[in-house]
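Protein chains: 2
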Amino acid sequence: MARVCIPLAEGFEDIEAITLIDVIRRGGIEVVTAGVGADIITSAHNVKVIADTTIDKVSADDFDLVVLPGGLPGATNLAKSQEVKKLLQDMDKKGKYVGAICAAPIALKEAGVLKDKYTAYPGWQDNIKEEGYVSDAKVVEDQNVLTSKGPATAMCFGLEIVRKFASQEMYEQLKAGLLADFC
Amino acid sequence: MARVCIPLAEGFEDIEAITLIDVIRRGGIEVVTAGVGADIITSAHNVKVIADTTIDKVSADDFDLVVLPGGLPGATNLAKSQEVKKLLQDMDKKGKYVGAICAAPIALKEAGVLKDKYTAYPGWQDNIKEEGYVSDAKVVEDQNVLTSKGPATAMCFGLEIVRKFASQEMYEQLKAGLLADFC
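Protein chains in written order, with the working numbering: chain A, 417 to 599; chain B, 417 to 599.
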C-alpha cells in the first residue's frame with residue numbers, strides 16, 4: 417500500500433486539504449497529516465483540525481508522495497518551514513514524488529524541487545516562475561512532480577493520485593462514487 | 417449577515433462538510449459548526465475536527481439555515497439525534513431554511529420537514545422516498561428545503577447557498593475564484 421504525507425500549516429485551504437485526504441484514503445492509500453509547528457492547525461476558513469502527527473516526526477523514508485494543500489497563508493507558511501523544505505528535498509533526492517496545489521507550488525520552488533512544467537492557481541505563477549506554467553490542465557505531471565490549480569480541481573487531483581498510486585480500476589470506481597464527472 | 421449552522425456527527429462526509437463551511441464562509445456568511453454528542457468529531461475518512469460549539473447549545477432563533485453534510489454513518493447519526501431533529505423542526509416551524517446533501521436528506525425525512533421535491537445521493541432515495549426525487553439536478557429547492565447529491569456537488573451547493581443568503585454578485589465572484597466552472 418502506498419503512503420502519502422499531507423503537511424498542514426496554519427491557514428491551509430480547507431477544501432484542498434480535506435478533499436485530498438478524503439479521496440486518497442477512499443483509494444485505499446494511507447494518508448498521514450503532519451501539522452507544521454503544532455498538532456492542532458486552523459485552516460484558512462477557521463476550521464480546527466487535529467493532525468495525525470507533526471512534521472518533525474516525518475521522514476521521507478516512510479512515504480511515496482508528499483503533497484501540499486494551498487491556501488494563504490497556508491502555502492507561504494509551508495514555503496517558510498525548514499522542516500517541509502528538508503522533507504521535500506529528501507523526497508526528491510530519493511526519486512520519490514512531491515506535489516502541490518493552488519498557491520503551494522511556491523514551496524516546491526523554494527525547496528528547489530520543481531521541474532519544468534507545472535500548474536498552480538491562475539496568476540500565482542508570477543510568484544513562482546512564468547516559464548513552464550501550464551494554464552489549461554487540471555493536473556500536471558513532470559518527472560516526480562504533480563501539481564494542480566485550486567479548490568475546484570482538488571477532487572480531480574486526488575483522483576489522479578489514486579490512479580497513479582492505487583489503480584485505474586480504483587480511479588474509475590471512485591470517480592463514479594464521488595459523482596465527479598467533470599474530472 | 418446571514419447565519420448558518422452545520423451540525424457534525426461522527427462519520428460526517430469530509431468533503432461535503434468542509435466544502436460547505438469553506439464556500440459559505442467565503443461568501444461572508446457566518447457559519448457555526450455544532451458537534452453532535454461531542455466537540456471533537458471524527459469524519460468518515462478519519463479527520464478529527466474541533467467543532468465551534470455543540471448541538472445542545474444551538475437554537476433555531478439564531479440561524480437562517482441549518483444544513484447537514486452526508487456520509488455514513490454521519491447522516492444516520494444526524495437522523496438518530498433528538499437534538500438535530502428538534503432543531504430541524506424548530507427551523508421549519510419558524511419558516512426558516514433547512515438543507516442536506518448526499519445521504520443526509522434522511523434526517524430531514526425523519527424530522528418530518530422534507531417537502532415534495534428533493535435530491536440525494538443516487539440510489540439513496542430508496543431509504544427516503546421515491547416520490548419527488550429529482551435525479552438530474554445538483555441542487556433542488558422546494559419551499560424552505562435545499563438538497564444536493566454528493567461530494568462532487570458540494571461546491572455547487574455551497575455556491576447556491578451563497579447566492580441565496582448573500583448575493584448574486586458574491587456567487588459569481590466566488591464561482592470564478594474557486595475555479596468552479598462546472599457549477
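Here a beta-carbon is modelled for each residue, glycine too, at the ideal position from N, C-alpha and C. Values in this document were obtained by computation on a predicted structure and should not be read as measured data.
Reduced DSSP secondary structure (H/G/I, E/B, other) of residue i
i: residue 514 of chain A; result: strand
i: residue 544 of chain A; result: coil
i: residue 446 of chain B; result: strand
i: residue 565 of chain B; result: coil
i: residue 558 of chain A; result: strand
i: residue 469 of chain A; result: strand
i: residue 537 of chain A; result: coil
i: residue 418 of chain B; result: coil
i: residue 590 of chain A; result: helix
i: residue 570 of chain B; result: helix
i: residue 595 of chain A; result: coil
i: residue 428 of chain B; result: coil
i: residue 500 of chain A; result: helix
i: residue 476 of chain B; result: helix
i: residue 578 of chain B; result: helix
Rounded separation between residue i and residue j - CA only
i: residue 486 of chain A; j: residue 519 of chain A; result: 5 Å
i: residue 472 of chain A; j: residue 425 of chain A; result: 13 Å
i: residue 467 of chain B; j: residue 507 of chain A; result: 34 Å
i: residue 533 of chain A; j: residue 417 of chain A; result: 28 Å
i: residue 440 of chain A; j: residue 422 of chain A; result: 11 Å
i: residue 593 of chain A; j: residue 536 of chain B; result: 13 Å
i: residue 576 of chain A; j: residue 526 of chain B; result: 38 Å
i: residue 463 of chain A; j: residue 585 of chain A; result: 33 Å
i: residue 435 of chain B; j: residue 509 of chain A; result: 35 Å
i: residue 540 of chain B; j: residue 505 of chain B; result: 22 Å
i: residue 568 of chain A; j: residue 547 of chain B; result: 32 Å
i: residue 448 of chain A; j: residue 544 of chain A; result: 27 Å
i: residue 457 of chain B; j: residue 571 of chain B; result: 22 Å
i: residue 491 of chain B; j: residue 552 of chain A; result: 37 Å
i: residue 446 of chain A; j: residue 461 of chain B; result: 11 Å
i: residue 557 of chain A; j: residue 444 of chain A; result: 22 Å
i: residue 465 of chain B; j: residue 474 of chain A; result: 22 Å
i: residue 538 of chain A; j: residue 597 of chain B; result: 14 Å
i: residue 496 of chain A; j: residue 489 of chain A; result: 10 Å
i: residue 531 of chain B; j: residue 559 of chain A; result: 53 Å
i: residue 500 of chain A; j: residue 595 of chain B; result: 27 Å
i: residue 529 of chain B; j: residue 599 of chain B; result: 27 Å
i: residue 573 of chain B; j: residue 432 of chain B; result: 9 Å
i: residue 477 of chain A; j: residue 469 of chain B; result: 39 Å
i: residue 542 of chain B; j: residue 587 of chain A; result: 27 Å
i: residue 459 of chain B; j: residue 498 of chain A; result: 30 Å
Residues sharing a beta bridge with residue i, DSSP
i: residue 423 of chain A; result: A/450
i: residue 607 of chain A; result: Any question about residue 607 of chain A goes unanswered here, given that chain A covers just 417 to 599.
i: residue 549 of chain A; result: A/534
i: residue 522 of chain A; result: BP columns for residue 522 of chain A are empty, so no partner.
i: residue 435 of chain B; result: According to DSSP, residue 435 of chain B bridges with nothing at all.
i: residue 492 of chain A; result: According to DSSP, which records beta bridges pairwise, residue 492 of chain A is partnered with nothing at all.
i: residue 464 of chain A; result: A/458, B/466
Assumed close pair residue i, residue j - CB separation to whole angstroms, cut-off 8 Å
i: residue 430 of chain B; j: residue 437 of chain A; result: 7 Å
i: residue 427 of chain B; j: residue 493 of chain B; result: 6 Å
i: residue 419 of chain B; j: residue 590 of chain B; result: Not confirmed; about 18 Å, so no contact.
i: residue 524 of chain A; j: residue 561 of chain A; result: 6 Å
i: residue 564 of chain A; j: residue 555 of chain A; result: 5 Å
Proximity test, residue i beta-carbon vs the ligand GDP heavy atom, cut-off 7 Å
i: residue 444 of chain B; result: Among the components of this structure there are no ligands whatsoever, and the ligand GDP is therefore not found.
(Q) Check whether the segment 566 to 583 of chain A and the segment 467 to 484 of chain A are in contact - that is, three or more C-beta pairs closer than 8 Å. (A) yes
Q) Is there contact here, the segment 442 to 453 of chain A with the segment 509 to 522 of chain A, by at least three beta-carbon pairs under 8 Å? A) No, the segment 442 to 453 of chain A does not touch the segment 509 to 522 of chain A.
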